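Single-structure report; data block below.
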Amino acid sequence: MITPPEVFRSLADETRARATLLIASLGELCVCELMCALDDSQPKISRHLAQLRGSGLLLDRRQGQWVYYRLNPELPAWVREMLQVTLQANAQWLADNTLRLQNMDGRPVRDTACC
1 MITPPEVFRS LADETRARAT LLIASLGELC VCELMCALDD SQPKISRHLA QLRGSGLLLD
61 RRQGQWVYYR LNPELPAWVR EMLQVTLQAN AQWLADNTLR LQNMDGRPVR DTACC
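Just so you know, we're using full-length UniProt numbering here: the sequence shown kicks off at 1 and counts up by one.
Written as structure tokens, this is what we have:
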């Protein structure tokens, strides 16, 4: 079970907070989408995603060459609610990231039947 200190320590970094909120908003994103949205390098994004996965906030799945990240469906309700409230109250903070993602060329196509 994930504890409040683990959650807040994981989200204390701006890149991890933005990535988590974008994933919470859109359901699932791959590394390349997060690179575009956050305007950062693959090694940095991957390192942050590994930390989020290690804390139990995110899970990943591989589809061909892509690795997709989503919120862990077993997160406690208080974590999911906190993320939704934070997301709703901070849409403007994520506006540039969301716009970059919407304008991304060559976004990967997800399988219609995924896990």
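We put the beta carbon where it would ideally sit given N, CA and C, even for glycine. Model, not experiment: these values are computed from the prediction.
From the options, pick the residue whose C-alpha is nearest to that of residue i; which is it?
i           : options                          : result
residue 117 : ASN103, ALA24, TRP66 and LEU11   : Lying before the first or after the last residue shown, residue 117 is absent from the chain, which here runs from 1 to 115.
VAL109      : PHE8, TRP78, ARG62 and ASN97     : ARG62
residue 116 : GLY56, LEU49 and LEU38           : The first residue shown for the chain is 1 and the last is 115, placing residue 116 beyond what the model contains.
CYS36       : TRP78, ARG70 and THR15           : THR15
LEU26       : LEU94, TRP78 and VAL79           : LEU94
PRO4        : LEU75, ASP105, ILE45 and ASP40   : LEU75
ARG18       : LEU87, ASP105, ARG107 and GLY106 : LEU87
ASP96       : ARG107, LEU38 and VAL79          : LEU38
Buried or exposed, going by whether 16 or more other CB atoms sit within 10 Å of the CB of residue i?
i     : result
LEU11 : buried
ASN90 : exposed
VAL85 : exposed
ALA50 : exposed
ARG47 : exposed
ALA77 : exposed
By Cβ distance, which residues of its chain are closer than 6 Å to residue i, with the 5 residues on each side in sequence left out?
i     : result
ASP13 : none
Kindly list the residues whose CB is nearer than 8 Å to the CB of residue i, restricted to its own chain and excluding five residues on each side of it in sequence; keep chain order.
i     : result
ARG53 : LEU59, ASP60 and TYR69
For the pair the segment 20-36 and the segment 61-77, tell me if three or more CB-CB distances fall below 8 Å.
yes
Stretch-stretch touch, CB-based, cutoff 8 Å, three pairs: the segment 81-101 with the segment 8-28:
Touching, yes, given that three or more Cβ pairs across the two stretches are closer than 8 Å.
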